[in-house]
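K.L.:
Counted the way UniProt numbering counts, the sequence shown spans residues 1 to 169.
Encoded as structure tokens, here's the structure I'll be asking about.
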Amino acid sequence: MVSISTIPSDVKAWVYSEYGITEKILKFDPNVAIPDFKEDQVLIKVVATALNPANYKKASGYIKNTESPLPTVSGYDVAGVVVRVGSEVRKFKVGNEVYGDINEYAMRPKSIWTLAEYTVAEEKVVSVRGSKRRGKNVTVAPPTTLPANLFILTSDSAVLESGKIKLAI
């Protein structure tokens, strides 16, 4: 468990400073400022992340008006552990394993990202992993194996059973 006193002010992250082919422009930076934390957010220690098609398109410059100013860190999909909870957050506590697509406004400049050691997210865009539904333990794979855009918006209602997604009503 990470205590607030051990959360760094700078994190290791993958950054790009120009548009182009993602594999060529993405560079490792050991000193990126951690995103600003707001009281309606959770701070997540990233365990797994992935680049999705939107990340590649933004890095290529296809939709520059929706990207944050360069240099920027990429990534929206995340699985990790909550290490800090804002005072307005009701759904999570420190230690919860969570997953989600943290970019609620995909067509606006982003201020948060996931290709880093830590990220922040509003509680409405992440869900608890390994939660109980109808008395059964339910575990959902990290977003690196899930097509996030298919069901992250309804993830609180989705249950993965026998390889099929079913609504838990």
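Each residue gets a CB set at the ideal place from its N, CA and C atoms; glycine is no exception.
Treat the numbers as computed from the prediction; the structure is a model and nothing was measured.
Which two residues bound the contiguous alpha helix (DSSP H) that contains Ala116?
P.N.:
Within the sequence shown, numbered from 1, the residue matching residue 116 stands at position 116. Where Ala116 is concerned, there is no enclosing alpha helix (DSSP H), given that its DSSP letter is neither H nor E.
K.L.:
Could you give the DSSP three-state label for Glu23: helix, strand or coil?
P.N.:
The residue given as residue 23 occupies position 23 in the sequence shown. Helix.
K.L.:
On the premise that Val78 lies in contact with Val46, defined as a C-beta separation below 8 Å, what is that separation, rounded to the nearest angstrom?
P.N.:
On the sequence shown, residue 46 is found 46 positions in, with the first residue counted as 1. On the sequence shown, residue 78 is found 78 positions in, with the first residue counted as 1. Contact flag correct, Cβ pair sits at about 6 Å.
K.L.:
Can you tell me whether DSSP reads Tyr56 as helix, strand or coil?
P.N.:
Counted from its first residue, the sequence shown places residue 56 at position 56. DSSP places Tyr56 in helix when its eight states are reduced to three.
K.L.:
Closer than 8 Å by C-beta to Ile7: which residues in its own chain qualify, once you throw out the five before and the five after it? Chain order, please.
P.N.:
For this step, residue 7 is matched to residue 7 along the sequence shown. Around Ile7: Ile34, Leu43, Val83, Arg84, Tyr118.
K.L.:
What separation, rounded to the nearest whole angstrom, lies between the Cα atoms of Val11 and Lys38?
P.N.:
Translated into positions along the sequence shown, residue 11 becomes position 11. Translated into positions along the sequence shown, residue 38 becomes position 38. Their backbone Cα atoms lie some 18 Å apart in a straight line.
K.L.:
Only counting the same chain, and skipping five residues up and downstream in sequence, which positions put a Cβ closer than 6 Å to that of Leu146?
P.N.:
Here residue 146 is taken as the residue at index 146 of the sequence shown, counted from 1. Residue placement at Leu146 is poorly supported in this model, since its pLDDT is 49, which falls under 50; the coordinates are not used for a value here.
K.L.:
Across which residues does DSSP place Tyr16 in a beta bridge pair?
P.N.:
Numbered from its first residue, the sequence shown carries residue 16 at position 16. Paired residue(s): Thr72.
K.L.:
When DSSP labels each residue in this structure, what does Glu122 get in the three-state scheme?
P.N.:
In the sequence shown, residue 122 corresponds to position 122, counting from 1. Here Glu122 sits in strand by DSSP.
K.L.:
In chain order, what residues of the same chain have a beta carbon less than 8 Å from the beta carbon of Ser87, not counting five sequence neighbours either side?
P.N.:
Here the question's residue 87 lines up with position 87 in the sequence shown. Glu39.
K.L.:
Decide if Ser17 is buried, meaning its Cβ has at least 16 other Cβ atoms within 10 Å, or exposed.
P.N.:
Numbered from 1 along the sequence shown, position 17 holds the residue referred to as residue 17. The residue is exposed, with fewer than 16 neighbouring Cβ atoms inside 10 Å.
K.L.:
Residues in its own chain within less than 6 Å of Leu26 by CB, not counting five upstream and five downstream?
P.N.:
Counted from its first residue, the sequence shown places residue 26 at position 26. If we look at Leu26 and ignore the five residues flanking it on each side, its Cβ neighbours are Trp14, Tyr16.
K.L.:
Could you tell me the distance, in whole angstroms, from the CA atom of Ala59 to the CA atom of Val89?
P.N.:
Residue mapping note: residue 59 aligns to position 59 of the sequence shown, counting from 1. Residue mapping note: residue 89 aligns to position 89 of the sequence shown, counting from 1. Using only the alpha carbons, I get a separation of about 32 Å.
K.L.:
Can you tell which of Val126, Gly20, Thr114, Gly80 has the C-alpha that lies nearest to the C-alpha of Gly61?
P.N.:
Here residue 61 refers to the residue found at position 61 when the sequence shown is read from its first residue. Selected option, being the one with the closest Cα: Gly20.
K.L.:
Would you grab the beta carbon distance between Asp74 and Tyr99 for me? Rounded to a whole angstrom, and I think it's under 8 Å.
P.N.:
The count along the sequence shown starts at 1 and reaches residue 74 at position 74. The count along the sequence shown starts at 1 and reaches residue 99 at position 99. Note that residue 74 corresponds to Ser in the displayed sequence, not to Asp. Their Cβ separation, rounded to whole angstroms, is 18 Å, which puts Ser74 and Tyr99 out of contact at 8 Å.
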